[in-house]
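Colleague:
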Amino acid sequence: NIDFITFVLFLISYNPVNMKHLFFLLLILLPLSGHSQQQGDNIIKLSDDISLIKLSDKAYVHISVTEIGSFGKVASNGLILIDNGDGILFDTPVTNEQTQKLVEWVKDSLNTNISKFIPNHWHKDCMGGLEYLNRRGIESYANKMTIDIAREKGLPMLQHSFKDSLLLHLNSIQIECYY
């Protein structure tokens, strides 16, 4: 059996997808992985508004719920990849407080420091917790268009930009982002 995250990373490396499609791919493949929400031992509830789904020892989907004006309660999600005590966060929860809760849980429970952050786009459901990450000194990377829009809207700034693609390493895991 191929571990689920290995399978997803294999698909990404041989069939490059942009970050917009990464979460869609995960949502489609998640039920096929044997790690569905029906298996309660893979769901970790941090609080009333934050839960995680453990995909493997190296991958977790975080889900947060936030009240957003006339929309009511809105769920958003992201991905955490970890390897040997180091982690990358893809998308934050909507608020700095939720992001702090998530990052502290990863540090305390998984003995992992989030060292890098990559948002999918500029909306609050992807980078609403960036101010907290910036205060913690966590490196951030985003497509140049995301950074340009964030600057235009007066949002917290990301540190590093890429135009078409980005290659990062998380110890033994190679991360490729395409836009």
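Numbering-wise, the sequence shown is residues 62 to 240 according to my numbering.
All C-beta atoms in this analysis are idealised placements derived from N, C-alpha and C, irrespective of residue type, glycine included.
Since the structure is predicted, the reported quantities are computational estimates derived from the model, not experimental observations.
Using alpha carbons as the reference points, say which of L219, I129, G215 lies closest to I199.
Modeller: Of L219, I129, G215, the residue nearest in Cα terms is L219.
Colleague: Rounded to whole angstroms, what's the CA-CA distance from S226 to S176? Just pull it up for me.
Modeller: So the two alpha carbons sit approximately 19 Å from each other.
Colleague: Heavy atom of the ligand NAP less than 7 Å from the Cβ of S233, yes or no?
Modeller: By its list of ligands, the structure shown contains no ligand whatsoever, and the ligand NAP lies outside what it can speak to.
Colleague: Compute the Euclidean distance between the alpha carbons of I89 and R197, then round it to the nearest angstrom.
Modeller: Unreliable placement is indicated for I89, whose pLDDT of 49 sits below 50; the coordinate value is still reported in the next sentence. The straight-line gap from Cα to Cα measures roughly 33 Å.
Colleague: For G139, name the three-state secondary structure that DSSP assigns.
Modeller: Reduced to three states, the DSSP call for G139 is strand.
Colleague: Under the three-state reduction of DSSP, which class applies to S108: helix, strand or coil?
Modeller: In this structure, S108 counts as coil in the three-state DSSP scheme.
Colleague: DSSP state of Q253, grouped into three classes?
Modeller: No answer is possible for residue 253: the residues shown for the chain start at 62 and end at 240.
Colleague: Compare the beta carbon distance of N174 and G146 with 8 Å and say whether it is the shorter of the two.
Modeller: Against a cut-off of 8 Å, the Cβ pair of G146 and N174 comes out as a contact.
Colleague: Mind checking who N232 pairs with in its DSSP beta bridge?
Modeller: Paired residues: none, contrary to the question.
Colleague: Just how far apart, CA to CA, sit F223 and I104?
Modeller: Computed Cα separation, rounded: 34 Å.
Colleague: Between I243 and L171, which are expected to be in contact by the criterion C-beta below 8 Å, what is the C-beta distance as a whole number of angstroms?
Modeller: Here the chain covers residues 62 to 240 and nothing more, so residue 243 does not appear.
Colleague: Using the Cα positions of C214 and M188, report the straight-line distance between them to the nearest angstrom.
Modeller: Before going further, note that residue 214 is Lys rather than Cys in the sequence given. Roughly 13 Å separates the two Cα atoms.
Colleague: Kindly identify the DSSP beta-bridge partner or partners of Y202.
Modeller: Looking at the DSSP assignment, Y202 forms a beta bridge with H221.
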